[in-house]
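Peer 1: Listed in order, the protein sequences are those of chains F and R. Counting from 1, one number per residue, gives the positions in the first sequence under the numbering used here. Counting from 132, one number per residue, gives the positions in the second sequence under the numbering used here.
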Amino acid sequence: MTTKRSSGSGMGRKRTTFEWVVLLVSLAATLAVVVGLVVSELSGPDGPVDLRVRVIDAGERASGGRPLEVTVENVGGTSAQNVTIEVTVGEVVRELSLDLVAKGDEESAEVVFPADATGPPEAEVLSYTKP
Amino acid sequence: MRGVAGGVLLGVPLLYTQETWLHGRSVSPLVILVGLAVVFGVNVALSYFVGFRPGRTHRPMEDAVVGMGLSVLLSALLLVLLDRVSGETSSENVLGVVALTAIPVSIGFSIGVALAPRTGAEKSEEIPSGGGDLLVAAGGALVFALNIAPTEEPILLAAELDIVRLVLLVVASLVLPYLMVFYAEFGGREHRVASDGATQGPVTETLLAYTVAFAVSAAMLAMFGRLDEVNGAATARVVTLAFPASIGAALGRMLI
Numbered sequence: 001m002t003t004k005r006s007s008g009s010g011m012g013r014k015r016t017t018f019e020w021v022v023l024l025v026s027l028a029a030t031l032a033v034v035v036g037l038v039v040s041e042l043s044g045p046d047g048p049v050d051l052r053v054r055v056i057d058a059g060e061r062a063s064g065g066r067p068l069e070v071t072v073e074n075v076g077g078t079s080a081q082n083v084t085i086e087v088t089v090g091e092v093v094r095e096l097s098l099d100l101v102a103k104g105d106e107e108s109a110e111v112v113f114p115a116d117a118t119g120p121p122e123a124e125v126l127s128y129t130k131p
Numbered sequence: 132m133r134g135v136a137g138g139v140l141l142g143v144p145l146l147y148t149q150e151t152w153l154h155g156r157s158v159s160p161l162v163i164l165v166g167l168a169v170v171f172g173v174n175v176a177l178s179y180f181v182g183f184r185p186g187r188t189h190r191p192m193e194d195a196v197v198g199m200g201l202s203v204l205l206s207a208l209l210l211v212l213l214d215r216v217s218g219e220t221s222s223e224n225v226l227g228v229v230a231l232t233a234i235p236v237s238i239g240f241s242i243g244v245a246l247a248p249r250t251g252a253e254k255s256e257e258i259p260s261g262g263g264d265l266l267v268a269a270g271g272a273l274v275f276a277l278n279i280a281p282t283e284e285p286i287l288l289a290a291e292l293d294i295v296r297l298v299l300l301v302v303a304s305l306v307l308p309y310l311m312v313f314y315a316e317f318g319g320r321e322h323r324v325a326s327d328g329a330t331q332g333p334v335t336e337t338l339l340a341y342t343v344a345f346a347v348s349a350a351m352l353a354m355f356g357r358l359d360e361v362n363g364a365a366t367a368r369v370v371t372l373a374f375p376a377s378i379g380a381a382l383g384r385m386l387i
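(1) When the cut-off is 8 Å and only beta carbons count, does F:ALA102 lie next to chain R?
(2) Identify every residue that forms a DSSP beta bridge with R:LEU213.
(3) For the putative contact between F:VAL87 and F:VAL70, defined by C-beta atoms under 8 Å, what is the C-beta separation to the nearest angstrom?
(4) Near R:PHE355, what residues of its chain come up, given a Cβ to Cβ distance below 7 Å and the 5 sequence neighbours on each side ignored?
(5) Between the stretch 282 to 297 of chain R and the stretch 366 to 386 of chain R, do three or more beta carbon pairs fall short of 8 Å?
(6) Would you say the stretch 40 to 58 of chain F touches the stretch 93 to 108 of chain F, given that touching needs at least three Cβ pairs under 8 Å?
(7) Can the beta-carbon of F:PRO121 be found closer than 8 Å to that of F:LEU68?
(8) Cα separation between R:GLU336 and R:VAL225?
(9) Assign R:TYR73 to one of two classes, buried (16 or more other C-beta atoms within 10 Å of its C-beta) or exposed (fewer than that).
(10) Please classify R:GLY239 as buried or exposed, where buried requires at least 16 neighbouring CB atoms within 10 angstroms.
(11) Listing by chain order, which chain F residues have their CB less than 7 Å from the CB of R:GLY137?
(12) Using a Cβ cut-off of 8 Å (strictly closer), state whether F:VAL216 contacts chain R.
(13) For F:ASP99, which of F:VAL111, F:PRO131 and F:GLU124 has the nearest alpha-carbon?
(14) Chain R beta carbons: is any one of them nearer than 8 Å to that of F:GLY44?
(15) Are at least three pairs of beta-carbons, each pair with one atom in the stretch 197 to 209 of chain R and one in the stretch 141 to 149 of chain R, less than 8 Å apart?
(16) So which residues on chain R does F:ALA29 lean against when the C-beta distance must stay under 7 Å?
(17) Which residues in the same chain as F:SER108 place their Cβ atom closer than 7 Å to its Cβ, once the five residues preceding and following it in sequence are excluded?
(18) Which of the three DSSP states is assigned to F:ALA117 in this structure?
(19) Where does R:ALA168 land, buried or exposed, given buried means 16+ other C-beta within 10 angstroms?
(20) For a contact defined as C-beta to C-beta under 8 Å, what are the partners of R:ARG384 on chain F?
(21) Any Cβ of chain R within less than 8 Å of the Cβ of F:PRO131?
(22) Using 8 Å as the limit for Cβ to Cβ distance, is F:VAL70 near chain R?
(23) Classify R:GLU283: buried if its beta carbon has 16 or more other beta carbons within 10 angstroms, exposed otherwise.
(24) Under a Cβ-count criterion, where at least 16 other Cβ atoms within 10 Å of its own Cβ denotes burial, should R:VAL267 be classed as buried or exposed?
(25) On the criterion of 16 or more Cβ atoms from any shown chain inside 10 Å, does R:ASN362 qualify as buried, or is it exposed?
(26) Using C-beta distances below 6 Å, list every residue in its chain close to R:ALA276, excluding the 5 sequence neighbours before and after it, in chain order.
(27) According to the neighbour-count rule (16 or more other Cβ atoms, all chains shown, within 10 Å of its Cβ), is F:TRP199 buried or exposed?
(28) Where does R:ALA252 sit, in a helix, a strand or coil, going by DSSP?
(29) In chain F, which residues lie with their C-beta within 7 Å of the C-beta of R:ALA230?
(30) Report the option in R:LEU382, R:LEU338, R:LEU265 and R:VAL343 whose CA atom is closest to the CA atom of R:VAL312.
(31) R:TYR147: which of R:LEU231, R:PHE180, R:ALA315 and R:GLY271 sits nearest, CA to CA?
(32) Closest to R:GLY166 by C-alpha separation, out of R:ILE234, R:GLU193 and R:GLY138, would be which residue?
(33) CB F:GLU55 to CB F:TYR128, shorter than 8 Å?
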């Protein structure tokens, strides 16, 4: 392919050191991406969406109540969009949604309960859409 | 440096699109690999005819590798700068987003020279009749369609347009590019109108360019998982996306 054309003013000119460096760096970057994509295709998580939810107290009282940090981890092989989570403390229920929890990633958000809502928090996934 | 300029020009809109980050993390690595392979082929062809550097078009394979590699690095740098990938993102998802955004950036690298010609692009005169025009049309269509395909808008528009409007959209996708390429007084119009060859008649070329834009649009929607089956709704989506794609195809033919 490189010798097919006979015209072109730069024909036959040797590569400069800079061109060699750029070529090698580019080749390395391209190969890294290709190999990385192949590896993640072969070894990445497989199967459907699998969401795990954790809730912990986010610390000091703030925003006029008791903030809780909700973390959703997707251990499945498919990303989940528009994830809706329901968090309950005693009688009080809060809902929150996350735009995307990609496969292999985790996302966090905080919900605020009334300061007098005491007791252990519970959380469950209500719904999500597949991208 | 002109390659970087072209890459930034064409790649930044996609970098600033939320759906790109979402899809980069949810599209299968295999699909992104196929996309990269196709774009690499387009880049080899563009480098062959247009030239990545002034006065040098005889190493298209090497230029395409350089364009692709630098695009990957440029995309990664910009994504880090915009805080779209960080240490907390899993490596698989970083790869997905970087590789996806590298696709339009790398096309920008290859046609950067055409966007701002210096002494290069002399081989563009040698682009074989028909095939070469369709190649640059595909490049232009790819850039426009890739920027829009991941967003919600073509899906929303397609769902709301009735058959009459869809037909009118097809007509507009044919007439506007025709007028842009053969009637609007941009540089090189005489050459385009006068060029001969079996597929170079203005009407034929416009129809073929639309076919290319339609095919590119379908491929882009399929890549982002938006064409699950072939039916009326899917056709409407492709028709909706083929309009901007055909404008991109016209721009490609005007530039080169």
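The beta-carbon is built from N, C-alpha and C at its ideal position, and this holds for glycine as well.
Peer 2: Reading from the atomic positions:
(1) yes
(2) None; R:LEU213 has no bridge partner.
(3) 6 Å
(4) HIS154, VAL158, ALA280 and PRO281
(5) Yes, the stretch 282 to 297 of chain R is in contact with the stretch 366 to 386 of chain R.
(6) yes
(7) yes
(8) 40 Å
(9) Residue 73 of chain R falls outside the range modelled here, since chain R spans only 132 to 387, and no answer is possible.
(10) Buried.
(11) Chain F residues near R:GLY137: none, gap ~15 Å exceeds 7 Å.
(12) For residue 216 of chain F there is no data in the structure shown, the boundaries of chain F being 1 and 131.
(13) F:PRO131
(14) Residue contact check for F:GLY44 against chain R: a CB pair falls below 8 Å.
(15) In short, these stretches touch, since the Cβ pair count reaches three.
(16) GLY200, VAL203 and LEU204
(17) GLU69, VAL70 and THR71
(18) Of the three classes helix, strand and coil, the one that applies to F:ALA117 here is coil, per DSSP.
(19) exposed
(20) Within 8 Å Cβ-Cβ: nothing; R:ARG384 doesn't reach chain F, min ~23 Å.
(21) Yes, because at least one Cβ of chain R sits closer than 8 Å to the Cβ of F:PRO131.
(22) no
(23) exposed
(24) buried
(25) exposed
(26) VAL347, SER348, MET351, LEU372 and ALA376
(27) Past the boundaries of the shown model lies residue 199 of chain F; chain F is included only from 1 to 131, so the question cannot be answered.
(28) With a pLDDT of 47 at R:ALA252, under the threshold of 50, the predicted position of this residue should be treated as unreliable, though the coordinate-derived value follows. It is coil, neither helix nor strand.
(29) Here the neighbours are VAL33 and LEU37.
(30) From the listed residues R:LEU382, R:LEU338, R:LEU265 and R:VAL343, the smallest Cα separation to R:VAL312 is found for R:LEU382.
(31) R:LEU231
(32) R:ILE234
(33) Strictly speaking, residue 55 of chain F in this sequence is Val, with Glu absent from that position. Cβ atoms of F:VAL55 and F:TYR128: not closer than 8 Å.
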